[in-house]
Amino acid sequence: MEKTRVNRQFFERLLDTLLPFLAVLAAFIIGAVILSLQGVNPWEAYKAMVVGAFGSKNGLADTLVKATPLLLVGLGIAIAFRGGVINIGAEGQLIVAAVLTTFVGLQLGDSLNSTLVIVISLIAGAVMGGLWAAIPGYLKAHLGVNEILSTIMMNQIAIQIGFYLLRGPMIDPAEVEAGTNIPHSARLPKAIDMPRFTDLAKSLGFTQSAKDLNLQGASKEIYGVLVEPTRLHSGLIFAIVMAILIYIFLWRTTIGYRIRAVGLNPHASRYAGINVKANMILSMTLSGVFAGLAGAVEILGLHHRMFEPLAVSAGYGFSGIVAALFGKLHPLGMIPSSILFGGLLVGGDKMQRAMQVPQVLIQAILGLVVLFVVSTDYFARKRQNRRVSVD
Amino acid sequence: MNENLTVLAIILGIVHSGIRLATPYLYAAIGETFAQRSGVLNLGVEGVMLMGAFFGFFTVFQTGNPWLGLVAAAIIGLLMGLLMSVVSITFQAEQGISGIGLYMFGLGASSLLFKTMLGTVAGVDGFSELKFCFGGSFCLTDIPVLGDIFFSHSIMTYGAFALVPVSWWALNKTTWGLKIRAVGQNPEAVDSLGVSVTAVRYAAVSLGSALAGIGGASLSISLLGIFQENMTNGMGFIAVALVYFGSWRPKGVLLGALLFSAVNALQLWVQVLGLNIPSDVAVMLPYLLTIIALALPFRRSLQPAALTKPFARGEN
């Protein structure tokens, strides 16, 4: 009797773990049907995608580069979710943060110690993202404004503010001089680029390339990603450290406990003396802080200048939601999840080049993943209800 | 004197484009009113509109018949509504998230199909402006001032305005409307009377979604005559907000739609006239207004009690 129960629990837990994968699989099957209808061999297309994302040094590096903002945005999404609010505004929070980070970086330039400037610019981005999210948080807590709608509207406002500043006060003087007037800022001083992996490796004494060491196969590519010059930068390490910190914050501190309590049951929390409104604003603000950090890291680690707002945010505000949901809203689960979806974004780009399949297919597949993942939650919930009623 | 005339012309221009631009908002927001009154927040309207805009456009492009385009847009809208219903009603998913999934799917799929099936930006002749001529000589459009404002729109615009009293009647004067309202207010009570909550919600969401599809098509085959990726650019989300703004009543939605399209028209005129307001700031206006409108405290008590709450028999 006892044994069958244990077996069943094990089986159910296994199923819970597998369900998101089945959801992704289902989304890809529908994608394959769409591809076949367009006369494209889906097997070839998906193969180009996987090979493009994970099959080479540069592909793998790009995958990790995209995983970085996905993870940071996803952490913010998860905090909001755990606190019982929904943040669809990461896109806008990322943009305003990227703008302010660029501004601060340009102002301080190399006047101070470069590490200090990087830290100050990161903090500026975090604060800006947090403030941008605090507005819908406050409106939700005190005026009952649906935060999903207000955050979506805030996205549009952020895009326009970005455009306004880049066309006007923040435009690269060189663009004005040349008369081309492309809306982007000047490049930040090289001294405040977040170090790339290859710089870190060099400072640790790894100077030989994979060729020098005669490495073959996978180890050659992995060594290449870590040591040879690629776009991969230290933002990835920063994001992973943040994921661990957020795990500790949510599950090992009182403030984190309160946030989760409000998310699980606001009424019981209020009864227990927790300030529900304040915690709602707090979780929304923290959520924006992480979207802001994503924007700051993108600027300091990858772009080194601010340009077209939607090209900087690159849809991370939405794909970050997918990564967060797939990672079961768990900070540590979101690390592999972000890498997987980073790979999907890179793979989509490679697939477009190799097979002439428009990259927007990935957007459609991401949407289906969301729909299927939230649908599969139903089975987990149902089992939980049954367990409660049996016990 | 001359200056006064210019001001008058601008105001008339704003009213005229305001009425025109209200068209897509009205279809989508009235449709969403049905969904929300039944207790389902369909946040995916934006994605549905894009799919409707593409399928409507593509059908007109192939057949040259705008009516067929309208049917295609309604059908794809209905199918998107069924997808939303399966996820949000049968599988009881969190509606804030499932709607975003539907939006992402609609945005991606409409762009993908456009790129692979058309590839280039082409225009179509959709619904043209009606003339209202009598006896071959007298046209209502010839009436000074008013004629141009009220009698120079396409049939889709008149259809959108006609939808307001029709939906009011359907919601308030028919048994089906009563069921929708009851399911959104107190699903347990409806269930205990032997009426299927699920069936009523499926119907309301699918109908609403079909209207959103038509709203998208009104943009691509009537107002603009072209299709572009992401051409709705947030209209669907504003339509959802309009339902809140209009206190879940068709009349209120109409008022909101007119207000918003007037602001939109104003924004376009600011750009046309080259006023000393940066165009980026002008584009921001409707979104800013949406947030302010949502924050206004009046009549929030009219919100359907079961909005966003999935129904499961015996769980409450």
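Chains as they are written, first to last, in our numbering: chain S, 1 to 391; chain P, 392 to 707.
Even for Gly, the Cβ is constructed at its ideal location relative to N, Cα and C.
Check: Taking only beta-carbon atoms, is S/Ile237 less than 8 angstroms away from chain P?
Finding: It does not; no Cβ of chain P falls within 8 angstroms.
Item checked: S/Val374 at chain B interface by Cβ criterion, 8 angstroms -> Protein chains S and P are contained in the structure displayed, whereas chain B is not.
Item checked: Assigned secondary structure, S/His304 (DSSP; H/G/I helix, E/B strand, else coil) -> DSSP places S/His304 in the coil class of the three-state scheme, outside both helix and strand.
Notebook entry, point to check: With P/Val574 and P/Gly430 assumed to form a contact (beta carbons below 8 angstroms), what rounded beta-carbon distance in angstroms separates them?
Noted result: Right, their Cβ atoms sit about 6 angstroms apart.
Checklist line | Inter-residue Cα distance where the pair is P/Ser545 and P/Ser611 | finding: Whole-angstrom Cα-Cα distance: 13 angstroms.
Notebook entry, point to check: Starting from P/Val574 and walking both ways along the alpha helix (DSSP H), at which residues does that stretch end?
Noted result: 566-576 is the span of the alpha helix (DSSP H), which, as asked, contains P/Val574.
Check: Is P/Tyr418 close to chain S, meaning its C-beta is less than 8 angstroms from at least one C-beta of that chain?
Finding: P/Tyr418 does not count as touching chain S.
Item checked: Beta-carbon contacts of P/Met508 that lie in its chain and below 8 angstroms, excluding the five residues immediately before and after -> Non-local C-beta neighbours of P/Met508 in its own chain, meaning closer than 8 angstroms and more than five positions away in sequence, comprise Phe449, ordered along the chain.
Item checked: P/Ala444 classed as buried or exposed, judged by whether at least 16 other C-beta atoms fall within 10 angstroms -> P/Ala444 is buried by the Cβ-count criterion.
Notebook entry, point to check: In whole angstroms, what separates the C-alpha of S/Asp199 from that of P/Gln486?
Noted result: In this model, S/Asp199 and P/Gln486 are separated by some 46 angstroms (Cα to Cα).
Next item on the list: Give the range of the alpha helix (DSSP H) segment to which S/Gly130 is assigned.
Entry: For S/Gly130, the uninterrupted alpha helix (DSSP H) run begins and ends at 114-143, by DSSP.
Note to self: Let's test the definition: count the other Cβ atoms within 10 Å of the Cβ of S/Pro169 and tell me whether it reaches 16, buried, or not, exposed.
What the structure shows: If you draw a 10 Å sphere on the C-beta of S/Pro169, you find fewer than 16 other C-beta atoms in it, and that means exposed.
Check: Excluding sequence positions up to five away, which residues of its chain have a Cβ less than 8 angstroms from the Cβ of P/Leu685?
Finding: Residues Ala632, Tyr635, Phe636 of the same chain have their beta carbon placed closer than 8 angstroms to that of P/Leu685, with the five preceding and five following residues left out of the count.
Item checked: P/Ile668 versus P/Gly607 - alpha carbon distance -> Taking the straight line from one Cα to the other gives about 30 angstroms.
Next item on the list: Could you have a look at S/Arg196 and say whether DSSP puts it in helix, strand or coil?
Entry: Residue state for S/Arg196 is assigned as strand, using DSSP reduced to three classes.
Item checked: Cross-strand partners of S/His233 (DSSP beta bridge) -> The partner list for S/His233 (beta bridge, DSSP) reads S/Arg196.
Item checked: Residues bridged to P/Glu520 (per DSSP) -> DSSP lists P/Ser545 as partners of P/Glu520.
Notebook entry, point to check: So what does DSSP say about P/Gly514, is it helix, strand or coil?
Noted result: In this structure, P/Gly514 counts as strand in the three-state DSSP scheme.
Checklist line | Straight-line gap, P/Glu579 to P/Ala673 (C-alpha atoms, nearest Å) | finding: Computed Cα separation, rounded: 47 angstroms.
Note to self: Give me the DSSP bridge partner(s) of S/Ile394.
What the structure shows: Only positions 1 to 391 of chain S appear in the structure, and residue 394 of chain S is not among them; the question remains open.
Margin query: Taking the alpha carbon of P/Thr424 as the reference point, which residue from P/Val644, P/Ile682, P/Cys524 has its own alpha carbon closest?
Written below: Among P/Val644, P/Ile682, P/Cys524, the Cα nearest to that of P/Thr424 is on P/Val644.
Next item on the list: Out of S/Thr63, S/Ile157, S/Leu106, S/Ala141, state which residue places its alpha-carbon closest to the alpha-carbon of S/Ala90.
Entry: It is S/Ile157 whose Cα lies nearest to the Cα of S/Ala90.
Note to self: Within 8 angstroms, do at least three Cβ pairs link the region 407-422 of chain P to the region 576-593 of chain P?
What the structure shows: The region 576-593 of chain P, when compared against the region 407-422 of chain P, does not touch it at the 8 angstroms Cβ threshold.
Next item on the list: Run down chain S in chain order and give the residues with a C-beta less than 8 angstroms from the C-beta of P/Lys506.
Entry: In chain order: Pro358, Val360.
Check: Is it buried or exposed for S/Thr230, if we count other Cβ within 10 angstroms and need 16 for buried?
Finding: Buried: at least 16 other Cβ atoms inside 10 Å.
Note to self: So with CB distances below 9 angstroms, who are the chain P contacts of S/Leu15?
What the structure shows: None at all; the shortest Cβ gap to chain P is about 16 angstroms.
Check: Nearest-angstrom Cα distance between S/Asp377 and P/Ser692?
Finding: Taking the CA atoms as reference points, S/Asp377 sits about 31 angstroms from P/Ser692.
Item checked: Neighbour list for S/Met351 in chain P, Cβ cutoff strictly below 7 angstroms -> Chain P residues near S/Met351: none, gap ~12 angstroms exceeds 7 angstroms.
Note to self: Looking at S/Ser287: is its Cβ nearer than 8 angstroms to the Cβ of S/Asn155?
What the structure shows: Their beta carbons are not under 8 angstroms apart, which means S/Ser287 does not touch S/Asn155 by this criterion.
Checklist line | Below-8 angstroms beta-carbon distance, P/Leu434 vs any chain S residue | finding: At least one chain S Cβ lies under 8 angstroms of P/Leu434.
Note to self: Quick check on the burial criterion: 16 or more other C-beta atoms within 10 angstroms. Buried or exposed for P/Ser519?
What the structure shows: Looking at its Cβ environment, which holds fewer than 16 other Cβ atoms inside 10 Å, P/Ser519 is exposed.
Item checked: P/Leu687 - DSSP class collapsed to helix/strand/coil -> Coil, per DSSP.
Checklist line | Residue environment, P/Val451, which counts as buried when at least 16 other CB atoms sit within 10 Å | finding: Its Cβ being crowded by 16 or more others within 10 Å, P/Val451 is buried.
Item checked: Contact between the region 296-304 of chain S and the region 232-241 of chain S (3+ Cβ pairs under 8 angstroms) -> Contact check between the region 296-304 of chain S and the region 232-241 of chain S: three or more CB pairs, one atom from each, fall below 8 angstroms, which counts as touching.
Next item on the list: Using the Cα positions of S/Pro331 and S/Thr253, report the straight-line distance between them to the nearest angstrom.
Entry: Distance between S/Pro331 and S/Thr253, taken at the CA atoms: about 15 angstroms.
Note to self: Since P/Leu676 and P/Val654 should fall inside the 8 angstroms C-beta cutoff, what is the C-beta to C-beta distance between them, to a whole number of angstroms?
What the structure shows: Going by Cβ atoms, the distance from P/Leu676 to P/Val654 rounds to 5 angstroms, so yes, they are a contact pair.
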